[in-house]
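K.L.:
Following this message is one structure expressed as structure tokens.
2 protein chains.
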Amino acid sequence: MNQLKNISTEEKIMTAAKQVFMKYGLYGSRMQDIADTAGINKALLHYYFRNKEKLFNRVFENALSRFFEQTEVFANDTLPIKERLFIYTSNIIDFYSEYPQMSMFIIKEIGNNPELFKQKIQAAKKNKVNKLLIDALEDAIKIEGLKKIDITLFIVNLQSLCSFPFLASTMFIHSFKAQSKDWYTDFSTEKLKKSVQTFIENTLEC
Amino acid sequence: MNQLKNISTEEKIMTAAKQVFMKYGLYGSRMQDIADTAGINKALLHYYFRNKEKLFNRVFENALSRFFEQTEVFANDTLPIKERLFIYTSNIIDFYSEYPQMSMFIIKEIGNNPELFKQKIQAAKKNKVNKLLIDALEDAIKIEGLKKIDITLFIVNLQSLCSFPFLASTMFIHSFKAQSKDWYTDFSTEKLKKSVQTFIENTLEC
DNA sequence: TTTGTATTTGACTATATGGTTAAACCATTA
DNA sequence: TAATGGTTTAACCATATAGTCAAATACAAA
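Line order of the protein sequences matches chains A and B. First residue of the first sequence: 6, per our numbering; consecutive thereafter. First residue of the second sequence: 6, per our numbering; consecutive thereafter.
If you want it as structure tokens, here you go:
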């Protein structure tokens, strides 16, 4: 058995499946489309991943893992919470910048498979390298003497500012183009990062 | 011909189609599913709306119209821009609160049909009762002496704060529940409105 | 070279799905 | 009552799609 070639084919499939599933979701995606994108026979999909659902779950699980990796920074208790928030939001913006459809994909599919999401949360909580945003904020209020903010609201606001620009990029592109503003020229992830940082500072310090 | 009965069936179909299309998108939705939801025969769908695409476009067009209606407040030049922004964000939050899947639906489908979106923008610009956010802000800088903010960035931030909480509500519900926080208890649209207003004040005045 | 095993393919099946049609139903009116 | 015309339905068709299978191919070991 050629281990290298084997991995290569499997990865070709995973790459193609990621692409197609992110674009069309579980129901909208066609196995033939995935096979074509991967440049292989459709039967080979079923040889490597028994069926559509199993293939989809692998892609979804990968995406969720990447998503939760981002929270590792909160385990670093030596940094003040504001610094950790800056690093986290910067990382997550870079992450979405690289995979713009990730956010949409995760949000849409959590509804269909909330169990896997719960599992990931539990795993993250038990993992020593990891700590979730909510726990880090609660600790910061107790230990660092952080102002008693509304934690859930703050998290929602933060995720909104970081995710939505990529999620809705097609809307913004068309919207601004129709009004003679070039989204690509006007928008940069660096500017977004700065505005998020300003939001964090205003919320934590005002 | 019974005009009343006619409208009723058509509306039953539109209501069902809205529900199903919002949940599964164009490709993921099944005509049979829409027929079942409306409590009618599948052939009747084709009697009222020739085919799937036409039915979908009607639903999409309705959604877009509702979306653009929200910007009418910006045409009211007698109110200071801050007031108009407060009203607009409050309205749009109420709107998403009523139709939580609207934002996701519009975003997802604009990519497939950007032309209709462009048309709506053009129509809104020509409409005297209507004025778009971007124009209102540009005017405010010229006329009201508003601080020269980065308009596109501000709009993106604002839309993010207002839309994402509803778009990603399933994620937040599961996320907070897994961490013993009840999303429904902790979250209210009033709190969200206040945080958006604070963001507007900080951005326009700081 | 031969043999055995993993990989890959074309051809196939069963089912789901969008769409059509002819007939039935029902309300209005002559 | 009977004719008219819009509305609704069951049955049907053509195609698309997920999944299967036997045969072919590649490739490593004997």
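We treat Cβ as the ideally placed atom computed from N, Cα and C, and that holds for glycine. In this text, all values refer to a predicted model and were calculated from it rather than measured experimentally.
When DSSP labels each residue in this structure, what does Leu84/A get in the three-state scheme?
P.N.:
By 1-based counting over the first sequence, the position of residue 84/A is 79. Of the three classes helix, strand and coil, the one that applies to Leu84/A here is coil, per DSSP.
K.L.:
Please classify Ala128/B: is it buried, with 16 or more other beta-carbons within 10 angstroms of its beta-carbon, or exposed?
P.N.:
By 1-based counting over the second sequence, the position of residue 128/B is 123. Answer is exposed; the Cβ neighbour count stays below 16.
K.L.:
What first and last residue would you give for the alpha helix (DSSP H) that runs through Leu142/A?
P.N.:
The residue you call residue 142/A lines up with position 137 of the first sequence. Here the alpha helix (DSSP H) through Leu142/A covers Leu138 to Asp144.
K.L.:
Leaving out five residues before and five after Ser168/A in sequence, what residues of the same chain have Cβ atoms less than 7 Å from its Cβ?
P.N.:
To locate residue 168/A, count along the first sequence from 1; it is residue 163. Only Tyr101 and Ser108 meet the Cβ criterion.
K.L.:
Does the separation of the CB atoms of Lys60/A and Ala22/A fall below 8 Å?
P.N.:
The sequence position of residue 60/A within the first sequence is 55, counting from 1. The sequence position of residue 22/A within the first sequence is 17, counting from 1. According to the sequence as given, residue 60/A is Leu; it is not Lys. Cβ atoms of Leu60/A and Ala22/A: closer than 8 Å.
K.L.:
Quick one: which chain B residues come within Cβ less than 8 Å of Lys196/A?
P.N.:
Within the first sequence, residue 196/A is the residue found at index 191, counting from 1. In chain order: Asp155 and Leu158.
K.L.:
Is the beta carbon of Ser193/B less than 8 Å from the beta carbon of Ser165/A?
P.N.:
For the purposes of this step, residue 193/B is taken as the residue at position 188 of the second sequence. For the purposes of this step, residue 165/A is taken as the residue at position 160 of the first sequence. No, these two residues do not count as a Cβ contact at 8 Å.
K.L.:
Inspect the CB distances between the region 139-149 of chain A and the region 74-81 of chain B and report whether three or more fall short of 8 Å.
P.N.:
Flag = no, the region 139-149 of chain A and the region 74-81 of chain B do not touch.
K.L.:
With distances taken from CA atoms, which of Asn56/B, Ile18/B and Phe91/B is nearest Glu206/B?
P.N.:
Counted from its first residue, the second sequence places residue 206/B at position 201. Residue Phe91/B is the option with its Cα nearest to Glu206/B.
K.L.:
Strictly below 8 Å CB to CB, what residues from chain A border Thr175/B?
P.N.:
Residue 175/B sits at position 170 when you count from the first residue of the second sequence. Those are Ile112, Ile115, Gly116 and Pro119, listed as they occur along chain A.
K.L.:
Ala183/A CB to nearest chain B CB: under 8 Å?
P.N.:
As a first step, residue 183/A must be located in the first sequence, where it is residue number 178. Judged by the 8 Å Cβ criterion, Ala183/A is in contact with chain B.
K.L.:
Indicate whether at least one CB of chain A lies closer than 8 Å to the CB of Asn56/B.
P.N.:
For the purposes of this step, residue 56/B is identified with residue 51 of the second sequence, where counting begins at 1. Not closer than 8 Å to any Cβ of chain A, the Cβ of Asn56/B fails to qualify, so no.
K.L.:
How about Thr94/A and Val201/A: do their beta carbons lie closer than 8 Å?
P.N.:
As a working note, residue 94/A is residue 89 in the first sequence. As a working note, residue 201/A is residue 196 in the first sequence. Yes.
K.L.:
Quick check on DSSP: helix, strand or coil for Gly150/A?
P.N.:
Within the first sequence, numbered from 1, the residue matching residue 150/A stands at position 145. Three-state DSSP puts Gly150/A in coil, outside helix and strand.
K.L.:
Could you check which residue in Lys198/B, Ser185/B, Ile115/B and Thr208/B has the C-alpha nearest to that of Ile160/B?
P.N.:
Here residue 160/B refers to the residue found at position 155 when the second sequence is read from its first residue. Out of Lys198/B, Ser185/B, Ile115/B and Thr208/B, Thr208/B has the C-alpha closest to the C-alpha of Ile160/B.
K.L.:
By a C-beta neighbour count over all protein chains shown, 10 Å radius and 16 as the cutoff for buried, is Pro170/B buried or exposed?
P.N.:
For the purposes of this step, residue 170/B is identified with residue 165 of the second sequence, where counting begins at 1. Classification of Pro170/B: buried, given that the 10 Å Cβ count is 16 or more.
K.L.:
Whole angstroms is fine: what's the gap from Asn46/A's alpha carbon to Lys28/A's?
P.N.:
Numbered from 1 along the first sequence, position 41 holds the residue referred to as residue 46/A. Numbered from 1 along the first sequence, position 23 holds the residue referred to as residue 28/A. Taking the straight line joining both Cα atoms gives about 21 Å.
K.L.:
Is Gln75/B close to chain A, meaning its C-beta is less than 8 Å from at least one C-beta of that chain?
P.N.:
Position 70 of the second sequence, counting from 1, holds the residue named residue 75/B. Answer no: the Cβ-Cβ gap between Gln75/B and chain A never drops below 8 Å.
K.L.:
List, from N- to C-terminal side, the alpha helix (DSSP H) runs of 4 residues or more that fit wholly inside the region 105-131 of chain B.
P.N.:
Complete alpha helix (DSSP H) runs here, min 4: 107-115 and 119-131.
K.L.:
Once DSSP output is grouped into helix, strand and coil, what is the label at Gly44/A?
P.N.:
Here residue 44/A refers to the residue found at position 39 when the first sequence is read from its first residue. Of the three classes helix, strand and coil, the one that applies to Gly44/A here is coil, per DSSP.
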